[in-house]
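Peer 1: Chains as they are written, first to last, in this note's numbering: chain A, 25 to 136; chain B, 7 to 120. By construction, the Cβ of each residue, glycine as well, lies at the ideal position given by its N, Cα and C atoms. The structure follows.
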């Protein structure tokens, strides 16, 4: 079945790197996503990775995928106060329709 | 343009009211979605439209009635809601080319049912 797990909370100092972790259970996952949600707002797609990739970098964001352990991480370099938000890991699996399974979300708090 | 717009931003309604939420996108996406998100929870899928036809209904109560009048618009008609239906309602869209197409979300409508 589909299950995506994340830790609930992460606190970092401004300027440090943040690493948000996620594990998923379905080995047939095709796409894995990171979404950001600021208070009272919708979900902003940050980045995504195909399941046949190991790493993807986009400016301050680095996504690492370990397929063997079914582990996905999001590293934010030089974390800023504007990065404070909830970060959702999500996956899709083949199934003939577009169902996205979200993790519970990790709240990132950036301390000035 | 990767924007999905939703109106209204906020809505307060009584349990006997009828209201509608609206969603619009002009990215040429032919799959559109409604999600419900409670506080401190991830979004939960409600409905999926693919090429303006309802393809998924995740056992949503009939007091929620979706409508897709054309490829750019998605509505959610609300009637006789309960206080527990208070939540953030998110619309999303994607290209419906099999599973895994990236979904782009709107800012949501925050609904309060009194």
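(1) Can you give me the start and stop residues for the beta strand (DSSP E) that residue 60(A) sits inside?
(2) Hey, would you say residue 75(A) sits closer than 7 Å to residue 47(A), going by beta carbons?
(3) Among 96(A), 59(A) and 66(A), which has the Cα closest to the Cα of residue 77(A)?
(4) Give me the residue from 73(A), 44(A) and 41(A) with the minimum Cα distance to residue 115(A).
(5) For residue 82(A), name the three-state secondary structure that DSSP assigns.
(6) Quick check: what's the CA-CA separation for residue 88(B) versus residue 119(B)?
(7) Go ahead and pull the three-state DSSP assignment for residue 90(B).
(8) What do you get for residue 136(A), buried or exposed, if any count of 16 or more other CB atoms within 10 angstroms of its CB means buried?
(9) Within the chosen definition, does the region 81–96 of chain B reach the region 15–24 of chain B through at least 3 CB pairs nearer than 8 Å?
(10) What residues in the region 48–68 of chain A bring their beta carbon closer than 8 Å to a beta carbon of chain B?
(11) Residues in the same chain with beta-carbon distance under 6 Å from residue 44(B), minus the five sequence neighbours each way, listed in chain order, please.
(12) If you reduce the DSSP assignment to three classes, tell me which class residue 116(A) lands in.
(13) Would you check if the region 69–83 of chain B and the region 35–46 of chain A touch, i.e. whether three or more CB-CB distances between them fall below 8 Å?
(14) How long is the line joining the alpha carbons of residue 91(A) and residue 26(B), rounded to whole angstroms?
(15) Taking residue 128(A) and residue 48(B) to be in contact with their CB atoms under 8 Å, please state how far apart those CB atoms are, rounded to whole angstroms.
Peer 2: According to the data block:
(1) Your numbering for residue 60(A) matches position 36 in the first chain. 55–61 is the extent of the beta strand (DSSP E) around residue 60(A).
(2) For this step, residue 75(A) is matched to residue 51 along the first chain. For this step, residue 47(A) is matched to residue 23 along the first chain. Result no, Cβ atoms of residue 75(A) and residue 47(A) do not sit closer than 7 Å.
(3) Sequence index remark: in the first chain, residue 77(A) carries index 53 (1-based). When each option's Cα is compared against that of residue 77(A), the closest is 96(A).
(4) The residue you call residue 115(A) lines up with position 91 of the first chain. Closest option to residue 115(A), judged by alpha-carbon separation, among 73(A), 44(A) and 41(A): 73(A).
(5) Taking the first chain and counting its residues from 1, one reaches residue 82(A) at position 58. Note: residue 82(A) maps to strand in three-state DSSP.
(6) Position 82 of the second chain, counted from the first residue, corresponds to residue 88(B). Position 113 of the second chain, counted from the first residue, corresponds to residue 119(B). Each residue's alpha carbon lies about 6 Å from the other.
(7) Translated into positions along the second chain, residue 90(B) becomes position 84. Helix at residue 90(B).
(8) For the purposes of this step, residue 136(A) is taken as the residue at position 112 of the first chain. Per the 10 Å Cβ criterion, exposed.
(9) yes
(10) 54, 55, 57, 59, 64, 65, 66, 67 and 68
(11) Taking the second chain and counting its residues from 1, the one referred to as residue 44(B) is at position 38. Excluding residues within five positions, the ones whose Cβ falls inside 6 Å are 93.
(12) Locating residue 116(A) in the first chain gives position 92, counting from the first residue. For residue 116(A), the three-state secondary structure derived from DSSP is strand.
(13) no
(14) Against the first chain, residue 91(A) aligns to sequence position 67. Against the second chain, residue 26(B) aligns to sequence position 20. Computed Cα separation, rounded: 43 Å.
(15) Position 104 of the first chain, counted from the start, is the residue given in the question as residue 128(A). Position 42 of the second chain, counted from the start, is the residue given in the question as residue 48(B). In this structure, residue 128(A) and residue 48(B) form a Cβ contact; the two beta carbons are roughly 6 Å apart against a cut-off of 8 Å.
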